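Student: This is the structure I have questions about; it appears just below.
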Amino acid sequence: MNARRRIADSEPRLLRWSIISLAIALTILFIVLPLAAVFIQAFNKGWSFWLAAISETNARSAIELSLLVTAIAVPLNVVFGLAAAWTIARFRFKGRDILLTLIDIPFGVSPVVSGLIFVLVFGAQGWLGPWLADRDIQIVFAVPGIVLATVFVTFPFVARELIPLMQAQGSSEEEAAIALGATGWQMFRRVTLPNIKWGLLYGVVLCTARALGEFGAVSVVSGHIRGLTNTIPLHVEILYNEYNYTAAFAVASLLSVVAVITLGLKKLLEWKTREVGS
Amino acid sequence: MSIEVRNIRRNFGAFEALRDVSLRVEDGELFALLGPSGSGKTSLLRIIAGLELPDGGTIRLNDEDATGSPARDRQVGFVFQHYALFRHMTVFENIAFGLRVKRSRDRPADSVIRRKVGDLLDLIQLTQLGDRYPAQLSGGQRQRVALARALAVEPKVLLLDEPFGALDARVRKELRRWLRRLHDELHVASVFVTHDREEALEVADRVAIMNHGRIEQTGTPAEVYDNPANAFVYEFLGDVTIFDGGYVRPHDVEISRRGSPTPAAVPATVRFIVAAGAVVRVELLREDTEAAVEAEISREHYRALALRIGDRVDIAPRHARIFPA
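Just so you know, the sequences run in chain order A and B. In this text, residue positions in the first sequence follow numbering that gives the first Met the number 0: the first is 0, and each later residue adds one. In this text, residue positions in the second sequence follow numbering that gives the first Met the number 0: the first is 0, and each later residue adds one.
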C-alpha cells in the first residue's frame with residue numbers, strides 16, 4: 000500500500016519540480032535580470048552621475064510633470080471609480096451592463112489609440128479644435144491633454160477593484176445605517192468607506208503606478224516638448240534615443256523603484272482586503 | 000405608535016410583489032407577517048421601514064402619512080435577516096451608532112451614550128462583550144446585538160425580518176420567548192416576518208398570512224388556526240390530508256380496527272409508522288382510491304390498536320373542511 004503510493008506520487012513530483020524550475024528560470028530571465036540590469040546600468044558611472052542625471056533641468060521638469068499629472072489623475076479616478084462602483088454595485092438599471100463594459104474600454108484599447116482619440120477630438124484639426132482655438136485653449140500638446148489621456152488610461156483601476164468588493168459586501172449595512180438615522184454622507188463615511196478602504200487603497204496604488212508609468216497615450220498627446228510636456232517615461236525614451244544610456248537608465252531606475260514599492264504595497268493590501276473582506 | 004398600511008402595491012418589472020395590501024397594527028401589538036418565500040412579506044416590511052418605495056398606496060405611522068418620508072425620519076427600528084452589523088465596529092460602537100449620527104442638537108453627551116449602551120448590553124445579556132467585533136460572536140449573540148442597536152434610538156416601531164431564520168432550533172425557541180417578553184416591556188408596535196408558522200402562532204398577538212403578494216387572512220393565532228379563510232391558509236398553518244375533496248388535519252383522522260361501526264369509514268392499509276415523538280404518525284393507503292392519507296394518533300391509542308405496517312384498518316375523518324375552489 001505504502002510502496003504503491005510512493006510510485007503513484009513519484010511521477011507528478013518529477014513533473015511538479017520541472018514545472019516549478021521552469022517558472023523560476025523564466026521569472027529570473029524575464030523579470031529579475033532586466034530589473035537588475037536597470038539598476039546596474041543606472042549606477043555604472045557612479046552615484047554622482049546618477050544624481051546629476053535625475054536632477055538635471057529637463058529630468059526634473061519631467062519628474063515634476065509626472066507627479067503633477069498623477070496628483071490630478073488619481074484623485075479624479077478615485078471619485079469617478081467610487082461613483083461608478085457605487086452605481087453598479089448598488090443599483091439595477093437599464094444600461095448597467097453597458098456601463099460595466101465602458102469602464103473596461105481603457106483596458107481593451109491600445110494606449111496609442113486612446114491618445115489618438117484625444118488628438119481627434121481636441122487637436123487643431125479635431126472636432127473641437129476650432130472652438131478651442133477661438134478661446135485660446137490648448138489641450139493637445141499641452142499639460143491638459145496629458146492629464147486627460149492619463150485619466151482615461153487609468154480609469155478602470157479603482158472602479159474595477161471596488162465593484163466586486165462592494166457587490167460581495169452587499170448593501171444591508173448601508174441600509175442599517177440609514178434606518179438608524181444616518182444621512183447619506185454619514186453612511187458613506189462611517190460604514191461604506193471603512194468597509195472598502197483597503198480595496199480602495201489597492202486601486203489607488205495600481206492607478207498611481209500606471210499614471211506615473213503611462214507611455215503610449217501620453218506620447219501621442221504630449222508633443223515631446225522638452226522641459227514642458229515630457230513625463231518621466233517620455234524623458235527616458237528621449238535620452239535613450241540620444242544614446243545617453245546611463246542617464247536613461249538612471250531616470251528609468253526611479254520608475255523601477257516605484258514598481259517595486261507598488262508590488263510591496265499591493266501584496267500588503269491584498270492581504271488586508273482578504274482579512275477584512277470575508 | 001400604530002402602523003397602517005393602505006392599498007400598497009409594488010411591482011418588480013412584470014412581477015407583482017404586493018397587490019393591494021392593507022393592514023393595521025396597533026400600538027403595543029406584536030404582529031407577524033407569515034407566508035412562504037416570495038409571498039411579498041419582506042417587501043412589505045421594507046416599505047413600512049422606508050427602505051423601499053411602494054408603487055401605490057399609503058403608509059401611515061401614528062395616523063400620520065409617512066409614505067414619502069425618508070427612512071431615517073421614520074423612527075423605525077429595523078432588524079435585518081442576517082443582522083447587517085457593522086463589521087468594522089465593536090459591539091459597543093454598533094449599538095451606539097444610531098445615537099452618534101443624530102443631529103448635533105439632539106445628540107446625547109458621550110457619558111449618556113456610554114450609559115445607555117451599557118444598559119442595552121445588560122438587557123441583551125452581553126455586558127462583557129462590548130469590545131468584541133461581530134465576527135467574534137455566535138449567531139444568537141449577533142441577533143441580540145442587532146436588536147439592541149435598533150432599540151438604542153428608542154424607535155416607535157420595531158420591524159424584524161426573519162429574526163430567527165439563521166439560528167439553530169434550540170437558540171430559536173429561547174430567543175423568541177425572550178423577544179416576546181422584551182416586546183411586552185417596550186410598548187412599541189412590532190412587526191416580524193417569518194415563514195415558520197409555529198413561530199408566528201406562538202409569539203404574535205395577531206398574524207397576517209400572505210401569499211402571492213396578497214394577505215389571505217388576518218387574525219389572532221387562534222382565529223386563523225380555527226377558522227381558516229381558505230384552503231391556502233388551512234394548508235399553510237398545519238399538515239393536511241385530502242379526504243374526498245375535504246381538507247382534514249392528520250390528528251382528525253380516526254383509525255380503528257376493521258369492521259368498526261363508524262359510518263364514514265373506508266378501508267386502508269398501514270404503510271409506514273413514525274412512533275418517535277409526542278404523537279404517532281401513521282401513513283396509510285386507501286384501498287378504494289389508492290390515495291395516501293396521513294394520520295396522527297395518541298401513543299395510548301397506538302398501543303391499544305397494536306398497529307403494524309401492512310395492517311388493514313378502517314379510517315374516518317372527524318372534521319373535514321370544504322373550501323370553495
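Backbone N, C-alpha and C fix where the C-beta goes; we use that ideal spot for every residue, glycine too. Since we're looking at a predicted model, the values are computed, not measured.
(1) Residues of chain A with CB under 8 Å from alanine 83 of chain B, in chain order?
(2) If I follow the unbroken alpha helix (DSSP H) through glycine 128 of chain A, where does it start and stop?
(3) Can you name the residues of chain B whose CB is closer than 7 Å to the CB of proline 193 of chain A?
(4) Note down, in chain order, every chain B residue with its Cβ under 7 Å from the Cβ of alanine 167 of chain A.
(5) Do you know offhand how far serine 218 of chain A's Cα is from isoleucine 136 of chain A's?
(6) Within the same chain, show all residues whose beta-carbon is closer than 6 Å to that of glutamate 3 of chain B, passing over the 5 residues directly before and after it, in chain order.
(7) Using a 10 Å radius around the Cβ and a threshold of 16 neighbouring Cβ atoms, would you call histidine 194 of chain B buried or exposed?
(8) Are any of the Cβ atoms in chain A nearer than 8 Å to that of valine 172 of chain B?
(9) Give me the DSSP bridge partner(s) of asparagine 210 of chain B.
(10) Along the alpha helix (DSSP H) that carries alanine 267 of chain B, what are the first and last residues, could you check?
(11) Under 8 Å, Cβ to Cβ, is there at least one residue of chain B near leucine 179 of chain A?
(12) Could you pull out every residue in the same chain whose Cβ sits closer than 8 Å to the Cβ of aspartate 130 of chain B, ignoring the five residues on either side in sequence?
(13) If the cut is a Cβ gap below 8 Å, which residues of chain A does lysine 115 of chain B touch?
(14) Counting C-beta neighbours from all protein chains within 10 Å, is the total for threonine 240 of chain B 16 or more, i.e. buried, or is it exposed?
(15) For the beta strand (DSSP E) that contains serine 21 of chain B, what are its first and last residues?
(16) Are the Cβ atoms of leucine 304 of chain B and arginine 256 of chain B separated by less than 8 Å?
(17) Against glutamine 185 of chain A, what residues of chain B qualify as contacts under a CB-to-CB distance less than 7 Å, listed in chain order?
(18) What residues in its chain sit with their C-beta under 6 Å from that of glutamate 28 of chain B, if we drop five residues either side in the sequence?
(19) Got a sec, what are the start and stop residues for the alpha helix (DSSP H) leucine 52 of chain B sits in?
(20) Tell me the rounded alpha-carbon separation between lysine 101 of chain B and glycine 114 of chain A.
(21) Starting from the C-beta of isoleucine 321 of chain B, find all residues in its chain whose C-beta is less than 6 Å away, skip the five residues before and the five after it, and write them out in chain order.
(22) So for serine 277 of chain A, helix, strand or coil by DSSP?
(23) Taking 8 Å as the limit between beta carbons, can you name the residues of its chain near asparagine 6 of chain B, skipping five residues before and five after?
(24) Of all the CB atoms in chain B, is at least one closer than 8 Å to the CB of valine 150 of chain A?
(25) By the 8 Å beta-carbon criterion, what residues does the region 182-199 of chain B contribute toward chain A?
(26) Against chain A, which members of the region 26-52 of chain B pass a CB distance test of less than 9 Å?
(27) Start and end of the beta strand (DSSP E) containing leucine 98 of chain A?
(28) What is the rounded straight-line gap between the Cα of asparagine 43 of chain A and the Cα of arginine 12 of chain A?
(29) What is the rounded straight-line gap between the Cα of alanine 319 of chain B and the Cα of valine 273 of chain B?
(30) Grab the span of the alpha helix (DSSP H) containing leucine 122 of chain B for me, first residue to last.
(31) How big is the Cα-Cα spacing for leucine 192 of chain A and phenylalanine 163 of chain B?
(32) Can you look up tyrosine 246 of chain B in the DSSP assignment and give me helix, strand or coil?
(33) Going by beta carbon distance, what residues of the same chain come within less than 8 Å of methionine 0 of chain A, once the five residues before and after it are set aside?
(34) Can you name the residues of chain B whose CB is closer than 9 Å to the CB of valine 190 of chain A?
(35) So that I know if they touch, is there some Cβ in chain A lying closer than 8 Å to that of alanine 16 of chain B?
(36) Closest Cβ-Cβ distance between alanine 13 of chain B and chain A: below 8 Å?
Tutor: Per the coordinate set shown:
(1) The contacting residues are Ser171, Glu172, Glu174 and Ala175.
(2) Segment 128-133, the alpha helix (DSSP H) holding glycine 128 of chain A.
(3) Below the 7 Å Cβ cutoff, chain B contributes His87 as neighbours of proline 193 of chain A, in chain order.
(4) Correct list: empty, because the minimum Cβ distance to chain B is about 12 Å.
(5) Roughly 20 Å between the two C-alpha positions.
(6) Result list for glutamate 3 of chain B: Arg23 and Arg59, in chain order.
(7) Residue environment analysis places histidine 194 of chain B among the buried positions, since at least 16 neighbouring C-beta atoms fall within 10 angstroms of its C-beta.
(8) The sequence given here places lysine at residue 172 of chain B; valine does not occur at that position. By this cut-off, lysine 172 of chain B is not an interface position.
(9) B/Arg213, per the DSSP bridge assignment.
(10) Alanine 267 of chain B: not part of any alpha helix (DSSP H); member of the beta strand (DSSP E) spanning 265-273, first to last residue.
(11) Under the Cβ criterion of 8 Å, leucine 179 of chain A is counted among the residues facing chain B.
(12) These residues qualify, in order along the chain: Thr89, Val90 and Phe91.
(13) Neighbours of lysine 115 of chain B in chain A, taken as residues at a C-beta separation under 8 Å, are lacking, since the least C-beta distance is about 14 Å.
(14) With 16 or more other Cβ atoms from the protein chains shown falling within 10 Å of its own Cβ, threonine 240 of chain B counts as buried.
(15) Looking at the DSSP string, the run of the beta strand (DSSP E) that includes serine 21 of chain B is 14-24.
(16) Taking 8 Å as the Cβ cut-off, leucine 304 of chain B and arginine 256 of chain B qualify as a contacting pair.
(17) Those within 7 Å of glutamine 185 of chain A in chain B are Val100.
(18) Contacts found: Ala188 and Asp204.
(19) Where leucine 52 of chain B is concerned, there is no enclosing alpha helix (DSSP H), given that its DSSP letter is neither H nor E.
(20) Between lysine 101 of chain B and glycine 114 of chain A, the C-alpha separation is close to 49 Å.
(21) Hits under 6 Å: Gly245.
(22) At serine 277 of chain A, the pLDDT of 42 sits below 50, so the modelled position is not reliable; the number obtained from the coordinates is stated separately. Coil at serine 277 of chain A, not helix or strand.
(23) Only Asp19, Val20, Ser21, Gly55, Gly56 and Thr57 meet the Cβ criterion.
(24) No, valine 150 of chain A lies away from the interface with chain B (no Cβ there is under 8 Å from its Cβ).
(25) When CB distances to chain A are screened at a threshold of 8 Å, not a single residue of the region 182-199 of chain B falls below it.
(26) Residues of the region 26-52 of chain B with a Cβ closer than 9 Å to any Cβ of chain A, in chain order: Arg45, Ala48, Gly49 and Leu50.
(27) That residue, leucine 98 of chain A, is in no beta strand (DSSP E); its alpha helix (DSSP H) goes 95-107.
(28) Each residue's CA atom was taken as its position, placing asparagine 43 of chain A and arginine 12 of chain A some 43 Å apart.
(29) Rounded to the nearest angstrom, the two C-alpha atoms are 24 Å apart.
(30) Unbroken alpha helix (DSSP H) run through leucine 122 of chain B: 109-122.
(31) Annotation: leucine 192 of chain A to phenylalanine 163 of chain B spans about 30 Å, alpha carbon to alpha carbon.
(32) Strand, per DSSP.
(33) At methionine 0 of chain A the pLDDT is 44, less than 50, meaning the model places this residue with poor confidence; the figure from the coordinates comes in the next sentence. Once the five neighbours on either side are set aside, methionine 0 of chain A has no close Cβ partner at all.
(34) Result: Phe85, His87, Met88 and Phe96.
(35) Between alanine 16 of chain B and chain A, the shortest Cβ-Cβ separation is not below 8 Å.
(36) So, not an interface residue.
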